[in-house]
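J.: Next up is a structure, given as structure tokens.
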Amino acid sequence: MWPDVSGAVDQAKSAVSTVQRTFPARVYKRYGDARGNVLAGGIAYFAFFSVFPALALALTVIGLVMNGVPEFRDFITSNLVSGLNSYLPGLIHEGSSKAVEAAGDQPKGLYIDDYLSGGALTWGLVISAVTFVFTGLGWIDGMRQGVRAIYGEDTGGGNFLVVKLRDLGGMVIIGSGVLLSVVSVLATNGAGGALLDLLGFEPSTWSRWLLAVLGFVVALAIDTLTFLAVFRFLPGADLPVRDLLQGAVVGGVGIGLLKQFGTAIAGRSASGNAFLGAAATFVVLLVLMQLIARLVLLAAAWAATRAEDSGSLAPDLMAAARLLPPLGPEEPADHKGRVPFVSGLVLGVVGALALRRGRR
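With the working numbering applied, the sequence shown corresponds to residues 3 to 362, in that order.
So, in structure tokens, the structure goes:
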């Protein structure tokens, strides 16, 4: 006698249904319905090739600025490397490749002094700016289409010129957010000690932890505001800020964790064989671009689900479409096998005639 498992099956179905109705499950469902992983792959591809001209452009501008204040060059350079490595783990180092080779070591990745020489700053600025505009617009366009798909909107976005201007504005927003985050690292490292002295704290492990927490909070605020601006401005969707804020906070926390995670992985992978270390840096960077793209779309799905619950965004149309009946009159059951039967009959007659003619 087989045991009655119908009760256990019903309980399992009820548990699955309960989980599917939870907020995180609905967020991930919206992300999956929009093919978030596929969209993230395209965004990461363009982002990877946008990193290098953006980095060259930023270093060229910084080099021009530092020519006017050479006394702060060492301080700015060391803290700039620290700030950039929080976004691009292990990609850039202090010093120059020539100095590393002169010391008998093998260069790994990029060296900041190689890009701050005064000889090629002007041409480097022009070339980097043009290259970054072309590659960056492709990256931002992919991100805009991805966020609109998560929102359940068509990926076009309206007038071509307006869309491109919005993409350019989104690129400025993201670039400004990254720049402010790097500057916050410079400010925390540079002014943190003076702030502790002003407050009367002695240098200690506790004070260093306090500075680290302060730097994380400042970076979190900047990253959250960047996500909020991207979700509100880039897709052109008129959603209330209160509905987008929670998703922006999720994105800000996630990007902070990814920066810490990426730095640890890159530091570990760069040790040992010099060639493998240099290659691993670019592989880790590509993986990070993929993870960041997924994070952006997941945070957008979080914001969209919150907006759907508040009534400011229409329900998930893709999920609803699967529940709609097929268009047009339903085909009668006795007609469903008619086409295969007629096709087989015709092919059989043709084959028989051909065989009969061949025997003649």
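Beta carbons are placed, not taken as given, at the ideal position from N, Cα and C, and that holds for glycine.
1. On a CA-only basis, which of V184, L315, R308 and V215 is nearest L57? Give me that one, please.
2. Suppose you measure from the CA of M173 to the CA of K15; what does that come to, to the nearest Å?
3. On the CB-based measure, 16 or more other CB atoms within 10 Å of its CB, does L167 come out buried or exposed?
4. Which same chain residues, not among the five before or five after V29, have their C-beta less than 6 angstroms away from its C-beta?
5. Once DSSP output is grouped into helix, strand and coil, what is the label at L112?
6. Three or more C-beta pairs under 8 angstroms: does that hold for the region 70 to 89 against the region 35 to 47?
7. Should L222 and G254 be called a contact, given that it needs their Cβ atoms to be closer than 7 angstroms?
8. Name the residue from L181, I175 and F235 whose alpha carbon lies nearest to the alpha carbon of V165.
9. For D107, which of I114, S98 and D115 has the nearest alpha-carbon?
10. Assuming G144 and G238 form a contact by the criterion Cβ under 8 angstroms, report the distance between their Cβ atoms to the nearest whole angstrom.
11. With DSSP as the reference, identify every bridge partner of I45, one or two as the case may be.
12. Answer yes or no: do I94 and V83 have a C-beta to C-beta separation smaller than 7 angstroms?
13. Starting from E103 and walking both ways along the alpha helix (DSSP H), at which residues does that stretch end?
14. If distances are taken between C-alpha atoms only, which option among N161, G148 and T226 comes closest to L41?
15. Which value, in whole angstroms, describes the spacing of the CA atoms of G9 and L300?
16. On the premise that V53 lies in contact with L287, defined as a C-beta separation below 8 angstroms, what is that separation, rounded to the nearest angstrom?
17. State the Cα-Cα distance for the pair Y153 and V135, rounded to the nearest angstrom.
18. Where do the N-terminal and C-terminal ends of the alpha helix (DSSP H) with S16 fall, by residue?
19. Using the Cβ count rule (16 or more neighbours within 10 Å means buried), how would you classify A316?
20. Work out the CA separation of V11 and T20 for me, nearest whole Å.
21. Check the C-beta distance from I294 over to T228 and give it rounded, since I have them as a contact under 8 angstroms.
22. G65 to P72, Cα distance in whole Å?
23. Restricting to Cα atoms, I'd like to know which of K31, D225, P26 and Y47 is closest to Q292.
24. Return the residue from the list D225, F233 and L230 that minimises the CA-CA distance to K261.
25. Looking only at its chain, what residues have a beta carbon closer than 6 angstroms to the beta carbon of V220, apart from the 5 residues adjacent to it on each side?
26. Among A309, L290, T190 and G256, which one has its Cα closest to the Cα of R244?
T.: Per the coordinate set shown:
1. Numbered from 1 along the sequence shown, position 55 holds the residue referred to as residue 57. Ranking the options by Cα distance to L57, first place goes to V184.
2. Within the sequence shown, the letter at position 171 stands for residue 173. Within the sequence shown, the letter at position 13 stands for residue 15. Answer to the nearest angstrom: the Cα atoms are 46 angstroms apart.
3. To locate residue 167, count along the sequence shown from 1; it is residue 165. Classification for L167: exposed.
4. Working through the sequence shown from its first residue, we reach residue 29 at position 27. Excluding positions up to five away in sequence, the list reads A303, W304 and T307.
5. Indexing the sequence shown from 1 puts residue 112 at position 110. Of the three classes helix, strand and coil, the one that applies to L112 here is strand, per DSSP.
6. no
7. Your numbering for residue 222 matches position 220 in the sequence shown. Your numbering for residue 254 matches position 252 in the sequence shown. Yes; because the gap between Cβ atoms is below 7 angstroms, this pair is in contact.
8. Reading the sequence shown from its first residue, position 163 is the one you call residue 165. Looking at the Cα atoms, F235 is the closest of the given residues.
9. Within the sequence shown, numbered from 1, the residue matching residue 107 stands at position 105. The candidate whose alpha carbon is nearest that of D107 is S98.
10. By 1-based counting over the sequence shown, the position of residue 144 is 142. By 1-based counting over the sequence shown, the position of residue 238 is 236. Actually they are not in contact, since the Cβ atoms of G144 and G238 sit about 15 angstroms apart, beyond 8 angstroms.
11. Numbered from 1 along the sequence shown, position 43 holds the residue referred to as residue 45. In the DSSP output, where bridge partners are listed per residue, I45 has none listed.
12. For the purposes of this step, residue 94 is taken as the residue at position 92 of the sequence shown. For the purposes of this step, residue 83 is taken as the residue at position 81 of the sequence shown. It is a contact, given that the beta carbons lie within the stated cut-off.
13. For the purposes of this step, residue 103 is taken as the residue at position 101 of the sequence shown. Residues S99 to A104.
14. Walking along the sequence shown from the start, residue 41 turns up at place 39. Closest option to L41, Cα to Cα, is G148.
15. Residue mapping note: residue 9 aligns to position 7 of the sequence shown, counting from 1. Residue mapping note: residue 300 aligns to position 298 of the sequence shown, counting from 1. About 36 angstroms.
16. Stepping through the sequence shown from its first residue, residue 287 is reached at position 285. Stepping through the sequence shown from its first residue, residue 53 is reached at position 51. About 7 angstroms; that satisfies the 8 angstroms criterion.
17. One-based indexing of the sequence shown puts residue 153 at position 151. One-based indexing of the sequence shown puts residue 135 at position 133. Their backbone Cα atoms lie some 26 angstroms apart in a straight line.
18. The residue given as residue 16 occupies position 14 in the sequence shown. Start and end: S8 to Q22.
19. Translated into the one-based positions of the sequence shown, residue 316 becomes position 314. Exposed, because fewer than 16 other Cβ atoms sit within 10 Å of the Cβ of A316.
20. Here the question's residue 20 lines up with position 18 in the sequence shown. Here the question's residue 11 lines up with position 9 in the sequence shown. Taking the straight line joining both Cα atoms gives about 14 angstroms.
21. Here residue 294 is taken as the residue at index 292 of the sequence shown, counted from 1. Here residue 228 is taken as the residue at index 226 of the sequence shown, counted from 1. Wrong, their Cβ atoms sit about 12 angstroms apart, outside the cutoff.
22. To locate residue 65, count along the sequence shown from 1; it is residue 63. To locate residue 72, count along the sequence shown from 1; it is residue 70. If you take the alpha carbons of G65 and P72, they lie about 10 angstroms apart.
23. The residue given as residue 292 occupies position 290 in the sequence shown. It is Y47.
24. Start at 1 with the first residue of the sequence shown, and residue 261 comes out as number 259. Looking at the Cα atoms, D225 is the closest of the given residues.
25. The sequence position of residue 220 within the sequence shown is 218, counting from 1. Around V220: S186.
26. The residue labelled residue 244 in the question sits at position 242 within the sequence shown. Comparing Cα positions, the closest option is A309.
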